[in-house]
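In full-length UniProt numbering, the protein residues as written are 1 to 278.
Think of the CB as a built atom: it goes at the ideal place given N, C-alpha and C, for glycine as much as any other residue.
Nothing here was measured: the structure is a model prediction, and the numbers come from that model.
This report refers to the structure that appears directly beneath it.
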């Protein structure tokens, strides 16, 4: 008799293997063989409740994948490869697939430069927003202005900002707390500008402006009385409405002309700053 813990572990293994592209019968057959050590189609069928005819089909597929060996006789006997070999085969398979996918997706990039994106796009969830921010920062060529809650400066974002600074991109962190000015957290040559939040009554979490043409703004939206979710909108292009509005906001904060929509980088750099070395 199989223990409850063993049964639950086997169910989870089957679930994971189906997520890794095995059919349910293939996953059940493989798990059945792991339990038996080796066995015939009948023994596997009795162990994991897979019809015997489907065990043969599953074993053939698993054999082609290199996950099961076959000993021919009456009856045929099947033995699974080791757990380590199984995991490694999946790792290699998905490394190859992801490399091929990356190459293929590069060929599917827009034929023209993505200078304009009509409308405003929505991203939900902090991790998804982090990925978008890293993507925009990695594409930065001239300047990044980033207003953020310190708790949202993930490792990936800090690394991408550091890499941008090393590419001679101007990096300005706005509204961060003292703890994020540690030289081990943010590149020393970056500037930390005191944020002025008086223009907004909203609890804005992050504002990002890259190269004066890509912008993102996020807020925390209540899900219920105890839980919130971060939601962001972003836009691309010098004529994109969101970009124009955010450029204006930054210009108002850092410039003297409240009507301008251009981010005056000279004014930005001469605003009262805290040098991380000082």
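Report buried or exposed for residue 43, applying the criterion of at least 16 other Cβ atoms within 10 angstroms of its Cβ.
-> Per the 10 Å Cβ criterion, buried.
Residue span of the alpha helix (DSSP H) that contains residue 96, given as start and end | Looking at the DSSP string, the run of the alpha helix (DSSP H) that includes residue 96 is 83-107.
To the nearest angstrom, report how far apart residue 138 and residue 83 are at their CA atoms.
-> Rounded to the nearest whole angstrom, the C-alpha separation of residue 138 and residue 83 is 38 Å.
Residue closest to residue 121, alpha-carbon to alpha-carbon, out of 73, 248, 214 and 86 | Cα-wise, what sits closest to residue 121 is 214.
Spatial distance of residue 167 from residue 208 (CA atoms) | Near 18 Å, if we compare the C-alpha coordinates of residue 208 and residue 167.
How many Å lie between residue 143 and residue 204 at the Cα?
-> The alpha-carbon atoms of residue 143 and residue 204 are separated by roughly 21 Å.
Do residue 62 and residue 68 come within 8 Å of each other at the CB atom, strictly closer than that value?
-> Yes; because the gap between Cβ atoms is below 8 Å, this pair is in contact.
What's the call for residue 129, buried or exposed, on a 16-neighbour Cβ count within 10 Å?
-> Burial call: buried.
So, residue 66 versus residue 87, is the Cβ gap smaller than 8 Å?
-> Taking 8 Å as the Cβ cut-off, residue 66 and residue 87 do not qualify as a contacting pair.
For residue 59, which option in 47, 28 and 73 has the closest C-alpha, if you only look at C-alpha atoms?
-> For the residues 47, 28 and 73, the minimum Cα distance to residue 59 belongs to 28.
Where do the ends of the alpha helix (DSSP H) carrying residue 126 lie?
-> Here the alpha helix (DSSP H) through residue 126 covers 126-138.
What does a CB cutoff of less than 6 Å around residue 21 pick up in its chain, not counting 5 residues either side in sequence?
-> Spatial neighbours of residue 21 in its own chain (CB-CB distance under 6 Å, excluding positions within 5 residues in sequence) are not present.
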